[in-house]
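S.K.:
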Amino acid sequence: YFLCVHKQRNRTMIASIVCGGAGYIGSHTVYELIERGHSVVVVDSLIKGHKAAIHNEAKFYLGDIRDEEFMDRVFRENQIDAVIDFAAFSLVGESVNEPFKYYENNVYGTLKLLEAMERADVKKIVFSSTAATYGEPENDIIVESDKTNPTNPYGETKLTVEKMLKWADNAYGIKFVALRYFNAAGAHISGKIGEDHSPETHLIPIILQTALGQREKMFIFGDDYDTPDGTCVRDYIHVTDLADAHIKALEKLFKTNESGIYNLGNGKGFSVKEVIEKAKKVTGKDFKVEIEARRSGDPSTLIASSEKAIKELGWKPKFNTLDKIIETAWNWHKDHKNGYED
Ligand code: NAD
Ligand code: UDP
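Numbering (the numbering used here), first residue to last: 4 to 345.
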């Protein structure tokens, strides 16, 4: 029995570099990879991430994906099969005010990473894309073939990388899976890792910080959208379900050697007001909420069809209710009021 398991493990073991593996989604993916017997090298500059978020069985290199010599060394010192790339900036509002910063890290950064892969003869990559590639959607439920017309530089840089990946595949045979996540939320079920962005701009952590009394009040950015209650509608997807999709994407790349683009969401939309109400129930806390002006670059509604991922990757979200998502996030925030500093 043991021999059999071992053999099976050897056959499926994948060695990856996880760029941005100290960040929110990256750290959760590293946990899942290691739990399933894969080997992981984390590359992170810690410009946003946290050393404490890195699983202690992962090998860690502190550095920037734009640093050629550094990346060549990482590839040289490790036997690598594939890359998973989370390293980027991802704040919609900031990207509107500072677009060059986004092109510099997200587009040029991924270009340098692909060049390093090409030099090291590593031909498989899973890339963090986003629902922001669509912009204001044409249909209620978004499918991958829908029009892409980003309403902010952040989404534009991610779409640019998707196109670069297509041409890298064409020219160098680098096979890719681009995963267009909708709104990542929640925390690891163990309570050991969770969301700790600085500054925090995401809705659910801000709600929970307000519930904990760390913020005096919170703001709803606009209640005059063309949605049922006037506030923006988003599709929230649990971070561990995203992590699982990355592993399924890697496995698919090795099985079929085919590139592809996939939405990842739960297929259900919740308005900002609905998320706040649900969080008040889960936490049992009441707090002050005020209406503010719209935040620039925000589309009104983003809901995913993940049928393609379900069918082709064999992916199935497990933490698929807003309750479970908020519960796990609350579990983390309660015990880590100052994030990884606690
Ligand atoms: P995060 O900021 O927590 O993680 C990104 C990590 O990359 C950080 O640890 C940061 O230090 C590192 N990094 C950034 N630039 C780097 C560079 N040049 N070299 C080395 N390391 C670098 O972000 P996250 O929320 O975990 O998001 C991960 C990815 O998923 C991003 O690419 C983001 O655009 C994408 N995404 C996130 C969401 C979401 O809801 N959080 C939704 C859609 C897409
Ligand atoms: N939002 C809000 N108040 C906040 C933070 C966010 O009303 O303090 C809204 C935001 O305008 C958007 C939704 O909540 O409509 C989700 O925002 P988030 O930043 O979490 O994710 P995004 O959709 O931008 O990726």
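Where a beta carbon is used, it is the ideal one built from N, C-alpha and C, also for glycine.
Suppose contacts are defined by Cβ-Cβ distances below 8 Å. Is V164 in contact with I128 by that definition?
M.R.: No. Outside cutoff.
S.K.: Under 8 Å by Cβ, that's how I've got N269 and P320 pegged, so tell me the actual separation to the nearest angstrom.
M.R.: N269 to P320, Cβ: 6 Å. Contact.
S.K.: Which runs of the beta strand (DSSP E) at least 3 residues long sit entirely within the region 285 to 312? Give them in chain order.
M.R.: Listed in chain order, the complete beta strand (DSSP E) runs (minimum 3 residues) inside the region 285 to 312 are 291 to 295.
S.K.: CB E147 to CB I264, shorter than 8 Å?
M.R.: Yes.
S.K.: Smallest Cα separation from T154: which of N323, P302, Y343, D345?
M.R.: Cα-wise, what sits closest to T154 is P302.
S.K.: Check this for me: beta carbons of R237 and G272, under 8 Å apart or not?
M.R.: Contact flag set, yes.
S.K.: Compare the C-alpha of K178 against each of N186, Y343, L168, F185 and name the closest.
M.R.: It is L168 whose Cα lies nearest to the Cα of K178.
S.K.: Could you say if the region 219 to 235 and the region 64 to 77 meet the contact criterion of at least three C-beta pairs nearer than 8 Å?
M.R.: Not touching, per the Cβ criterion.
S.K.: Taking 7 Å as the cut-off, is the C-beta of I20 nearer than that to any heavy atom in ligand 1?
M.R.: Incorrect: I20 has no Cβ contact closer than 7 Å to ligand 1.
S.K.: Ligand 1 and G1: does the residue's C-beta get closer than 7 Å to at least one heavy atom of that ligand?
M.R.: The requested residue 1 is not part of the displayed model; the chain covers only 4 to 345.
S.K.: Label E35 either buried or exposed according to how many other C-beta atoms from any shown protein chain fall within 10 Å of its C-beta, with 16 as the threshold for buried.
M.R.: The residue in question, E35, is buried, as its Cβ has 16 or more Cβ neighbours within 10 Å.
S.K.: Here's a check: name, in chain order, each residue in its chain whose Cβ is nearer than 8 Å to the Cβ of F284, leaving out the five neighbours to either side.
M.R.: Residue 284 is actually Lys in this sequence, not Phe. Once the five neighbours on either side are set aside, K284 has no close Cβ partner at all.
S.K.: Around the C-beta of D47, are 16 or more other C-beta atoms found within 10 angstroms, so that it is buried, or is it exposed?
M.R.: Looking at its Cβ environment, which holds 16 or more other Cβ atoms inside 10 Å, D47 is buried.
S.K.: Please write down, chain order preserved, every residue whose beta carbon lies under 7 Å from a heavy atom of ligand 2.
M.R.: Cβ-based neighbours of ligand 2 within the cut-off: V95, A135, N186, T204, H205, L206, I207, I209, M221, F222, I223, F224, G225, T234, C235, R237, V275, R298, D301, L305.
S.K.: Taking 8 Å as the threshold (C-beta atoms), are D244 and F322 in contact?
M.R.: A contact, by the Cβ cut-off of 8 Å.
S.K.: Between the Cα of T324 and the Cα atoms of A55, H58, V242, S201, which residue gives the shortest distance?
M.R.: With distances taken between Cα atoms, T324 lies closest to V242.
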